[in-house]
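One structure below.
Residue numbers (our numbering): 17 to 355.
This is the structure:
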């Protein structure tokens, strides 16, 4: 018995072979046939990649065959091309991703595509109608200190856009100057140091060690040593495998000390790829309290408001021998790690 799918389902299931008949056509030609400009642009771009002229004809053929064998739809191919947008010699990676099951494409792409190292930069630009834009990108803690000084807020509070704008506005109007602003308040962020890292720092290898604090800042071991510890607040020693010392099942909500201990393992949101600082996260139980989960460091996990909300959609987190894993409802587990 033959099953007839609705036209929409058939359209969504179109694969790489559907691109061959339009190879060589442009967007204008497709729009004249009644195709929307958005769909025409996507189709022409994909047809050019998978059926257009290239020196890598073998890899192009392999990518087509792999995509067809995996049953990748055009939307999946579009996703793959999005990941390759900034890659020059992308054919080998494209063929690998086309051979990858859809639910593993993100993880495989992270392994195959190495992000270029970020560099500190600052830019200022003029826009229309007098609008201006200032952007600063750095991995040094001085920017966090500057925001604290300008806004007068403690490090435990991430300044709002309006607070930052008011602070810069006062400086620009001459209502305040950097010399008038009080020194940055002492940080109470927890700087995470494993015992192995502490040994290397003591042996003079601090420049190779990256230390992450719960306020979102990162510094190398040498910078940490040169800073006054009083300005850092706390430094927690964490065993590389066993983590911090546990508390006990005394109450459901983590107290301040337990929260600090939880953040010593994950100084930012533990969800894969999320970089929200730990000080802006909610501390949640890995094994729910109602299911017998204890309120201790080994069972606590910092999650930002959004990713904590995903648990209502049947996503879970589990601690395994490989570490804490994110368990999506319909995909393979993904390791939680500090990015």
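Where a beta carbon is used, it is the ideal one built from N, C-alpha and C, also for glycine.
Starting from residue i and walking both ways along the alpha helix (DSSP H), at which residues does that stretch end?
i           : result
residue 298 : It is not in any alpha helix (DSSP H) - residue 298 instead sits in the beta strand (DSSP E) that spans 298-301.
residue 341 : No alpha helix (DSSP H) contains residue 341, which is instead part of the beta strand (DSSP E) from 339-343.
residue 167 : 158-167
residue 104 : Counting along the chain, residue 104 falls outside any alpha helix (DSSP H), and DSSP gives it neither H nor E.
residue 185 : 177-189
residue 64  : 53-67
residue 39  : Element bounds for residue 39: n/a, residue is neither H nor E.
residue 85  : 73-86
residue 43  : 43-48
residue 27  : 23-28
residue 127 : 121-128
I'd like the list of long-range same chain contacts for residue i, defined as Cβ closer than 8 Å, with 5 residues on each side in sequence excluded.
i           : result
residue 266 : In this predicted model, residue 266 has a pLDDT of only 39, less than 50, meaning its place in the structure is not dependable; the value taken from the coordinates is given anyway. Within the same chain, residue 266 has close Cβ partners 311.
residue 182 : 167
residue 58  : 90 and 94
residue 64  : 39
residue 128 : 109, 112 and 113
residue 60  : 38, 41, 42, 43 and 46
residue 69  : none
For residue i, which residues of its own chain have a beta-carbon under 7 Å away from its beta-carbon, when the five flanking residues on both sides are left out?
i           : result
residue 33  : 84
residue 40  : none
residue 53  : 43 and 47
residue 93  : 32, 62 and 83
residue 152 : 138 and 159
residue 157 : 233 and 235
Which whole-angstrom value is the C-beta distance of residue i and residue j, which I expect to be below 8 Å?
i           : j           : result
residue 124 : residue 136 : Going by Cβ atoms, the distance from residue 124 to residue 136 rounds to 31 Å, so no, they are not a contact pair.
residue 319 : residue 300 : 5 Å
residue 86  : residue 115 : 7 Å
residue 302 : residue 309 : 7 Å
residue 304 : residue 352 : Between residue 352 and residue 304 the Cβ distance is about 17 Å, and since that is not below 8 Å, they are no contact.
residue 324 : residue 298 : 5 Å
Against chain D, does residue i count as a neighbour if the rule is that its beta carbon must be under 9 Å from one of theirs?
i          : result
residue 72 : Chain labels in this structure do not include chain D; a single protein chain is all it has.
Under 9 Å, do residue i and residue j count as touching if we go by C-beta distance?
i           : j           : result
residue 296 : residue 174 : yes
residue 344 : residue 336 : no
residue 232 : residue 130 : no
residue 286 : residue 322 : no
residue 354 : residue 149 : no
residue 346 : residue 317 : no
residue 107 : residue 72  : yes
residue 121 : residue 99  : yes
Drop a sphere of 10 angstroms on the beta-carbon of residue i, count the other beta-carbons inside from all chains shown, and report buried for 16 or more, exposed for fewer.
i           : result
residue 280 : buried
residue 340 : buried
residue 277 : buried
residue 291 : exposed
residue 25  : exposed
residue 105 : exposed
residue 90  : buried
residue 146 : exposed
residue 143 : exposed
residue 134 : exposed
residue 35  : buried
residue 50  : exposed
residue 330 : exposed
residue 17  : Because the pLDDT of residue 17 is 46, which lies under 50, any placement of that residue in the model is unreliable, and the number read from its coordinates should be weighed accordingly. Exposed, by the Cβ-count rule.
residue 260 : Note that residue 260 has pLDDT 49, beneath the 50 cutoff, so the model's placement of it is unreliable and no number is given.
residue 338 : exposed
residue 342 : buried
residue 119 : exposed
residue 56  : buried
May I ask whether a heavy atom of the ligand ZN can be found less than 8 Å away from the beta carbon of residue i?
i          : result
residue 92 : This structure simply doesn't include the ligand ZN, nor any ligand for that matter.
Could you give the first and the last residue of the continuous beta strand (DSSP E) run that contains residue i?
i           : result
residue 317 : 316-319
residue 140 : 137-142
residue 35  : Looking at the DSSP string, residue 35 is not in any beta strand (DSSP E), and its letter there is neither H nor E.
residue 151 : 148-153
residue 335 : 332-336
residue 284 : Note, residue 284: premise wrong, no beta strand (DSSP E); not H, not E.
residue 227 : 226-228
Can you list, in chain order, the residues of its chain with a C-beta nearer than 6 Å to that of residue i? Leave out the 5 residues immediately preceding and following it.
i           : result
residue 244 : Confidence at residue 244 is low in this model, with a pLDDT of 46, below 50, so its placement is unreliable and the value that follows should be read with caution. Excluding residues within five positions, none has a Cβ falling inside 6 Å.
residue 79  : 110, 111 and 114
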